[in-house]
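Below: the structure, in structure tokens.
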Amino acid sequence: MSKFIYNFSEGNKDMRDLLGGKGANLAEMTHLGLPVPHGFTITTEACHAYQRTLSLSSDLLTQLDASIAQLSQETGKQFDSHDNTLLISVRSGAAISMPGMMDTILNIGLNDQTVKALAQTTNNERFAYDSYRRLLAMFGNVVYGLDEAAFDQVLTDIKRKNGYASDLELTAEDLKQVVTEFKEIYQTSDKGNFPQDPKTQLLAAINAVFESWNNHRAQVYRKQNHISENLGTGVNVQEMVFGNAGENSGTGVAFTRNPATGEKALFGEYLLNAQGEDVVSGVRTPQDVGVLKTEMPALYDQLAETAEKLETHYQDMQDLEFTIEKGKMFLLQARDGKRTAYAAVKIAVDQVNEGLITKKQALLRIEPDAISAMLHPEFDKEALAAHQILTTGLPASPGAATGQVYFTAADAKQASEAGHPVVLLRQDTSPEDIDGMIVSQAIVTSRGGMTSHAAVVSRGMGATGVVGAHELNVDYQAKEAKVKQQIIHEGDWVSVNGTTGDLYLGQIKTTEVTVKGDLSVLLEWAKEYSRMGVYTNADTPKDFQKALDYDADGIGLTRTEHMFFKPERLVQMRRLILAEDAEGRKDPLAKLLQMQQGDFYELYKLAEHKEVTIRLLDPPLHEFLPHDEKEVAEVSEQTGISTSKIKERVSSLKELNPMLGHRGDRLAVTFPDIYEMQVQAIMTAALKLANEGLKVAPHIMIPLTDSKIEMAWVRELVVNQIDQATKAAGVTLDYTVGTMMEMPRACVTADQVAEESDFFSFGTNDLTQLTFGYSRDDVGSFMPEYIKKGLLPADPFQTVDTEGVGALMKIAIDKGRQTKPQLPIGVCGEVGGDPASIEFFEQIGVTYVSCSPYRVPVARLAAAQAHLRQAGAETPALAAKTA
34 MSKFIYNFSE
44 GNKDMRDLLG
54 GKGANLAEMT
64 HLGLPVPHGF
74 TITTEACHAY
84 QRTLSLSSDL
94 LTQLDASIAQ
104 LSQETGKQFD
114 SHDNTLLISV
124 RSGAAISMPG
134 MMDTILNIGL
144 NDQTVKALAQ
154 TTNNERFAYD
164 SYRRLLAMFG
174 NVVYGLDEAA
184 FDQVLTDIKR
194 KNGYASDLEL
204 TAEDLKQVVT
214 EFKEIYQTSD
224 KGNFPQDPKT
234 QLLAAINAVF
244 ESWNNHRAQV
254 YRKQNHISEN
264 LGTGVNVQEM
274 VFGNAGENSG
284 TGVAFTRNPA
294 TGEKALFGEY
304 LLNAQGEDVV
314 SGVRTPQDVG
324 VLKTEMPALY
334 DQLAETAEKL
344 ETHYQDMQDL
354 EFTIEKGKMF
364 LLQARDGKRT
374 AYAAVKIAVD
384 QVNEGLITKK
394 QALLRIEPDA
404 ISAMLHPEFD
414 KEALAAHQIL
424 TTGLPASPGA
434 ATGQVYFTAA
444 DAKQASEAGH
454 PVVLLRQDTS
464 PEDIDGMIVS
474 QAIVTSRGGM
484 TSHAAVVSRG
494 MGATGVVGAH
504 ELNVDYQAKE
514 AKVKQQIIHE
524 GDWVSVNGTT
534 GDLYLGQIKT
544 TEVTVKGDLS
554 VLLEWAKEYS
564 RMGVYTNADT
574 PKDFQKALDY
584 DADGIGLTRT
594 EHMFFKPERL
604 VQMRRLILAE
614 DAEGRKDPLA
624 KLLQMQQGDF
634 YELYKLAEHK
644 EVTIRLLDPP
654 LHEFLPHDEK
664 EVAEVSEQTG
674 ISTSKIKERV
684 SSLKELNPML
694 GHRGDRLAVT
704 FPDIYEMQVQ
714 AIMTAALKLA
724 NEGLKVAPHI
734 MIPLTDSKIE
744 MAWVRELVVN
754 QIDQATKAAG
764 VTLDYTVGTM
774 MEMPRACVTA
784 DQVAEESDFF
794 SFGTNDLTQL
804 TFGYSRDDVG
814 SFMPEYIKKG
824 LLPADPFQTV
834 DTEGVGALMK
844 IAIDKGRQTK
854 PQLPIGVCGE
864 VGGDPASIEF
874 FEQIGVTYVS
884 CSPYRVPVAR
894 LAAAQAHLRQ
904 AGAETPALAA
914 KTA
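The numbering of the sequence shown is this note's numbering, which starts it at 34 and goes up by one.
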């Protein structure tokens, strides 16, 4: 018989895959002697078995009976007893935390009889019926799928009738009426009566938690956070402790450090006379946990000591859920806390400085893509000062975001798909809103605190977040929100400052941020522990300067064709292409030479002694020519060539498959003077700088090579120009001439190509296109369906296809280094800044990656992590938990 259930005393923190994160940590806290209510965990293996049969196995049911009996013995209470009633909670818990995405049911075991027994044994009728109404609502929504709004409406109507402002004002008699009306909701549905048998409640709750692994919101969350669909969830069955048992009871969430800023101080919120769902749902706005220091100082000290103990034990910032029952504290959860990217970096750096973790652990702890969130723009100070603050809430997740307001997740998603930047504005959010939250630039709620669902999820996704903006009055039916006399309609523009909690009307100008402070420290450590270099793709001094600000090692790819699209250059490029012979090309080539020389001079000067790799002209010539009658007329006027001749030339250059046609080094074969001009420009710029005291070693890349003989022909053309230039100047310069590996044939004959090439640089965009037979410009018509249906794990133009494209790359590297053991290998395609791809590039021996300037810090951290993992460094789970 398989063991499907583990008592908390049997597990530990290293059993996450089997017990789920929550179960493993409850077991660990039990071993640490912390006040954890008794309970047990049903394993993820039981979840897998349930998914196969959609039923609980007989082995599990047998073990469940035994575990409930043991729990009764441990607690001194009896399940389904009228004397000393054992009530239990059923909570989900996957190996990787998914806050709110799966289901929880509290107060299981209450029915029409046991609620009376609970009222009698506790001498608190109000508490008993408050717990019963909570079970009826949660069970109805989670297990039977009854509309949560129906239950909320009952509460709203009774409070309105009696003039109550809060649920806390409901009397025992009011709550009995609520229970009666809640049961009527069941009776009028197709589900029938609420089950009175506690065992039936328990089995239905376990089924519901297992089924929630595959609910829509959980699937969306896993996809967004790259969590495997195969993990499954554990189920934690635990003795209930009651935060709603009176004024000396309560519930709360605490973090050992501030999850928004990373500040080292106990941070959290709690509610008196409440259960946990009241805090995280945002329905009630809680108090700061610091208030406990005054109201219940001994309990605050206990919480602070426990927090410090757990952070030291787990070596990471912890998120704790606690309940106070009649003055006694219990811990219901400890997990690595969700945090913003800013907080993640600060916490990692601080913990290294505190001696709690090593630099290697700190580097492995941060999600590389989280760094992107730290480099998002901030509001321009002058522009911000010119706008009046509309209202202010709690700064749940920092950042600056501008977008159009939408009030439902569905509307937000639809607007985003139509290309609108979205700000989701709601009273509060629930897990059902995940589709809209994912697409939003910012999330704003009128209710809730810093540990509410909206706050936790916005931090986890790296979205700007403001919660508890109480002045906002949201009317979903009218699709508008009011702040005093100001009305915000759907589609109106607002700007959200998640750092201060301020909300503004209209769009506010933003400014770029720089790498500084703790992030600068972390990236220095990353450079220290990286093997791969991180270069940038840059075609202009502005792009290159931004990359240098992010400490790029140089330029891995300059696309020279991008330099020809400025209006004055495009005219000369068109004259060049429209010329009838070599003689006609001389004048435009001479003018382009002067322009290109200036381009290369500026890039080399900025680089100082860093490498700059310049790729010679790659795209088909037709891309530079006019495409309609209006453009043809304009070109005719600019060049003095008749419209008929222009049309004739355009027609002659037209190709059925231009990306497979007359481009790359094929242009060198047919129009050698174009490549000669570019090499002359490179050498003139290099020699000019040499005269100024800056020695440049040109790196020239030839695109689209597919054979040794072709590479040799073009290389000779390039080297002849270099030799002529250096001979005329009477100097010598070091240089390299390499090839862009983007043809499958070049990969499988790389040992031969390497004889004529000083370096390889993989152009993964074209290599992927030619390996799959996909047009990269047209994959949007089918790629989403391929990924949705599991035919591809990811878009291969965004994350390298390791089995196909990756296999060709490995063949090319191995063969190339058979010929030249020290052959430098680069990657300069789209995947050069993708962390998952960088992991693979480390494994196959890539020397450097080249990516867009804004991806340089991301790639730097990913390269360090890849090297540390390859070298077998300690590899704690990524704790940043940011998107």
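Beta carbons are placed, not taken as given, at the ideal position from N, Cα and C, and that holds for glycine.
If you check the CB distance, Ala238 and Ile138 come in under 8 Å. For Pro736, there is no enclosing alpha helix (DSSP H), since its DSSP letter is neither H nor E. The continuous beta strand (DSSP E) containing Ile588 extends over residues Gly587 to Arg592.
Taking a 10 Å sphere around the C-beta of Met34, we find fewer than 16 other C-beta atoms and assign the residue as exposed.
Secondary-structure assignment with DSSP links Asn269 through a beta bridge to Thr74 and Arg124. Selection Lys446, Asp402 and Ser100 evaluated against Asn258 yields Asp402 as nearest (Cα-Cα). Within the model, the alpha-carbon separation for Glu664 versus Ile380 is close to 57 Å.
Shown here, Met773 sits in a strand according to DSSP, grouped into three states. Per the Cβ contact rule, the stretch 425 to 433 is in contact with the stretch 534 to 545 (3 or more Cβ pairs under 8 Å). Between Leu649 and Tyr708, the C-beta spacing is below 8 Å.
Counting of Cβ neighbours within 10 angstroms places Gln855 among the exposed residues, the total staying below 16. Taking 8 Å as the cut-off, the beta carbon of Pro890 is found closer than this to the beta carbon of Val548. DSSP links Tyr881 through a beta bridge to Gly566 and Gly859. In this structure, the straight-line span from the alpha carbon of Lys446 to that of Gly436 is close to 13 Å. Excluding residues up to 5 positions away in sequence, Asn281 lie with their Cβ nearer than 6 Å to the Cβ of Gly360 in the same chain. Nearest neighbour of Trp526 by Cα position, chosen from Tyr509, Gly495 and Phe440, turns out to be Phe440.
In the DSSP assignment, Ala514 is bridged to Val507 and Ile521. In the three-state reduction of the DSSP assignment, Arg368 falls in the strand class. Three or more Cβ pairs closer than 8 Å define a contact, and the stretch 144 to 160 meets that threshold against the stretch 111 to 118.
DSSP, read as helix, strand or coil, puts Thr832 in coil. Residue nearest to Glu341 within the set Cys80, Ala367, Met329 and Val274 is Ala367 (criterion: CA-CA distance). The three-state reading of DSSP puts Trp246 in coil, since its state is none of H, G, I, E or B. Here the C-alpha atom of Val123 lies approximately 45 Å from the C-alpha atom of Phe412. Under DSSP, Trp526 forms a beta bridge with Gln437. Under DSSP, Ala451 takes part in no beta bridge, so it has no partner. Between the C-alpha atoms of Asp383 and Thr327 there is a straight-line separation of about 29 Å. Inside the stretch 591 to 676, DSSP marks whole beta strand (DSSP E) runs of 3 or more residues at positions 644 to 648, from first to last along the chain. Using a C-beta cut-off of 8 Å, the stretch 792 to 807 makes no contact with the stretch 756 to 766, since fewer than three inter-stretch Cβ pairs fall below that distance. Sixteen is the threshold: since fewer than 16 other Cβ atoms of the shown chains lie within 10 Å of the Cβ of Phe598, the residue is exposed. At a cut-off of 4 residues, the continuous stretches assigned as alpha helix (DSSP H) that sit fully inside the stretch 44 to 108 are 49 to 64, 77 to 86 and 91 to 108. Taking all protein chains shown into account, Leu824 has fewer than 16 neighbouring C-beta atoms within 10 Å of its C-beta and is therefore exposed. Under the Cβ criterion (8 Å, minimum of three pairs), the stretch 774 to 782 does not count as touching the stretch 826 to 833. Taking a C-beta distance under 8 Å as the contact criterion, Ala571 and Pro886 qualify as a contact pair. The shortest C-alpha to C-alpha distance from Thr74 to any of Ser91, Gln96 and Ser90 is the one to Gln96. With respect to the C-alpha of Gln351, the residue from Ser405, Met62, Gly495 and Ala82 having the closest C-alpha is Met62.
Remark: C-beta atoms of Phe633 and Ile715 approach each other more closely than 8 Å.
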